[in-house]
Amino acid sequence: MHLPINPFKAALARNEPQYGIWAGFATSYAAEIVAGTGYDWMLIDGEHAPNTVPSLLGQLQSVAPYVTHPVVRPVSGDPILIKQLLDVGTQTLMVPMVETAEQARALVRAMRYPPHGIRGVGGGLIRATRWDAVPNYIKRAHEQLCLIVQVESRLGAENVTEIAAVDGVDAVFIGPADLSTGMGYAGDASQPEVQASIRGAIEATRASDKACGILAPREEDARRYAEWGCTFIAVAIDVSLLRQAAIDNLARYREPAVAAISHSRTY
288 MHLPINPFKA ALARNEPQYG IWAGFATSYA AEIVAGTGYD WMLIDGEHAP NTVPSLLGQL
348 QSVAPYVTHP VVRPVSGDPI LIKQLLDVGT QTLMVPMVET AEQARALVRA MRYPPHGIRG
408 VGGGLIRATR WDAVPNYIKR AHEQLCLIVQ VESRLGAENV TEIAAVDGVD AVFIGPADLS
468 TGMGYAGDAS QPEVQASIRG AIEATRASDK ACGILAPREE DARRYAEWGC TFIAVAIDVS
528 LLRQAAIDNL ARYREPAVAA ISHSRTY
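My numbering puts the first residue of the sequence shown at 288, with every later residue one more than the last.
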């Protein structure tokens, strides 16, 4: 059995645009529905959605037959948790709140076996090796693993050049909601200061010859960030899509004044 190819990582290297969707329902059933809709990638969220390692595993298994590539976001960059997520077959990790190059280097080490890292060897116990069916997994695993670091604070944005330059970091992903909140604008990424910070982070990442991504559910934002250089953009959130569809459906049957419900969070 061959080492499974990571098509998402390959597309990043080719600088191809990839459109993604946030998967926040924390169930395999919902994840499979989303995977069947044709997005290039989906973020299975373990930071803000109520996921555990077993539930993340179930979602990886449920979306495996589809072309949509699963990206897993852990709750933190804990190397023990990273080891578990890699062992159950995660190929692409997006780690939140990375603020320094030192943190980024530690994440790279967590994803690699000695002598280049600290990842423990599970051998025949782990899904990533297909239970020892993949030859030379220890020597070759890093070839198909992809590390995305999230820059979503003022400090992270200030250090993005050094973060992006770390060998083993494949991409930087900007979190507009946390970044704008940390800059004093309570989730309003439309503010000029926040937009300048985002554009600067994109340009610094691209200058390091690394891919840059962002969360942008509003079309006008997504298209602007693509123009600025982002190549992988999350353009939808499954929970938000369901909620808005339910609101819109009910509004057809109630008086407009009663059904005037909106969600106004700006990313």
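Think of the CB as a built atom: it goes at the ideal place given N, C-alpha and C, for glycine as much as any other residue.
The criterion of a C-beta distance shorter than 7 Å is not satisfied by Ile320 and Pro357. Contact annotation: Gly462 and Gln437 have beta-carbon atoms nearer than 7 Å. About 6 Å separates the CB atoms of Val382 and Leu394; that is less than 8 Å, so the two are in contact. Rounded to whole angstroms, the gap between the alpha carbons of Ala318 and Ile520 is 18 Å. Straight across, the Cα-Cα distance linking Thr379 with Gln305 is about 14 Å. Leu343 places its beta carbon less than 7 Å from that of Val359. Setting aside the 5 residues that flank it on each side, Ala391 is surrounded in the same chain by Val385, Val436, Ile450, Val453 and Val456, each with a C-beta closer than 7 Å to its C-beta; the list follows chain order. Going by DSSP, Gln390 is part of no beta strand (DSSP E) but of the alpha helix (DSSP H) stretching over Ala388 to Ala397. Ala458 is bridged by DSSP to Ile435 and Ala498.
Boundaries for Val321: no beta strand (DSSP E) harbours it, while the alpha helix (DSSP H) harbouring it runs Ser315 to Ala322, taken from the DSSP string. Sequence-distant partners of Gln531 (beyond 5 residues in either direction) whose C-beta falls short of 6 Å from its own C-beta are missing from its chain. Counting along the chain, Pro357 sits inside no alpha helix (DSSP H); it lies in the beta strand (DSSP E) bounded by residues His356 to Arg360. Membership of Tyr306 in the beta strand (DSSP E) is indicated by the continuous run Gln305 to Ala310. Taking 7 Å as the cut-off, the Cβ atoms of Ser467 and Val481 count as close. Between the alpha carbons of Glu514 and Asn293 lies a gap of roughly 26 Å.
Bounds of the alpha helix (DSSP H) holding Thr448 are Val447 to Ala451.
Excluding its 5 nearest sequence neighbours in each direction, Gly311 has C-beta neighbours in its own chain below 8 Å: Asp332, His335, Ala336, Ile524, Asp525 and Val526, listed in chain order. With fewer than 16 neighbouring CB atoms inside 10 Å of its own CB, Thr324 falls in the exposed class.
Checking the DSSP bridge columns, you'll see Trp328 partnered with Gly307 and His356.
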